[in-house]
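Chemist:
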Amino acid sequence: MKHLFAFAEQNNFKCCCADDVEFEGERISSTRIRDALAGGNLPLAKSLIGRDFSYDCTGLEWKEEDGCFCASSFSQRILPSDGTYDVIVKTAAEDSVELNAAMLNTMHVQCRISKKKIYLFVPTLRFAQMVKEIIFKE
Numbered sequence: 015m016k017h018l019f020a021f022a023e024q025n026n027f028k029c030c031c032a033d034d035v036e037f038e039g040e041r042i043s044s045t046r047i048r049d050a051l052a053g054g055n056l057p058l059a060k061s062l063i064g065r066d067f068s069y070d071c072t073g074l075e076w077k078e079e080d081g082c083f084c085a086s087s088f089s090q091r092i093l094p095s096d097g098t099y100d101v102i103v104k105t106a107a108e109d110s111v112e113l114n115a116a117m118l119n120t121m122h123v124q125c126r127i128s129k130k131k132i133y134l135f136v137p138t139l140r141f142a143q144m145v146k147e148i149i150f151k152e
């Protein structure tokens with residue numbers, strides 16, 4: 015930290031440290047959030063981050079597999095533990111005709127996580143390709 019404060023002073027900006035924030039007597043940290051997700055504890059993860067956990071689907075390549083649509087997770091992105099979840103998918107709204115002209119940009123679906131793969135139970139491959147975010151509900 016000493017180096018950071020010295021760098022800030024040399025470059026004419028202010029550096030300060032934020033106090034730890036605690037939940038249920040323990041410090042909130044990225045490790046604690048990852049551990050909650052790895053253990054499938056979505057309520058705790060939600061309490062720690064202040065919102066439902068979501069997964070950014072940008073760049074995923076979806077394919078049809080086992081009656082649903084599957085994509086491999088990026089290794090650096092965290093997923094909840096293996097299991098089946100009720101989720102909300104948010105789609106790109108640019109193609110509303112494909113989404114029954116209802117300007118639908120969210121849909122409640124089931125999602126299965128297995129071995130770093132994401133399986134979405136959505137109507138079509140085109141729909142899966144339009145998914146931009148998966149929001150995991152408790």
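Residue numbers (the working numbering): 15 to 152. Just so it is clear, CB atoms sit at the ideal spot from N, CA and C, and this is done for glycine as well. Bear in mind the structure is a predicted one, so any value in this text is a computation, not a measurement.
1. Between the Cα of Ser-128 and those of Val-145, Phe-37, Ser-95, spot the shortest distance and give me the residue it belongs to.
2. Counting only runs of 4+ residues fully inside the region 114–151, write out the alpha helix (DSSP H) ranges in chain order.
3. Can you tell me whether Phe-67 is buried or exposed, with buried defined as 16 or more other CB within 10 angstroms of its CB?
4. Excluding sequence positions up to five away, which residues of its chain have a Cβ less than 6 Å from the Cβ of Ile-102?
5. What does the alpha-carbon distance come out to for the pair Val-145 and Ser-86?
Modeler: Let me lay it out:
1. The candidate whose alpha carbon is nearest that of Ser-128 is Ser-95.
2. Within the region 114–151, complete alpha helix (DSSP H) segments of at least 4 residues are found at 139–144, given in chain order.
3. Answer is buried; the Cβ neighbour count reaches 16.
4. Closer than 6 Å at Cβ, skipping near neighbours: Thr-120, His-122, Ile-149.
5. Taking the straight line from one Cα to the other gives about 14 Å.
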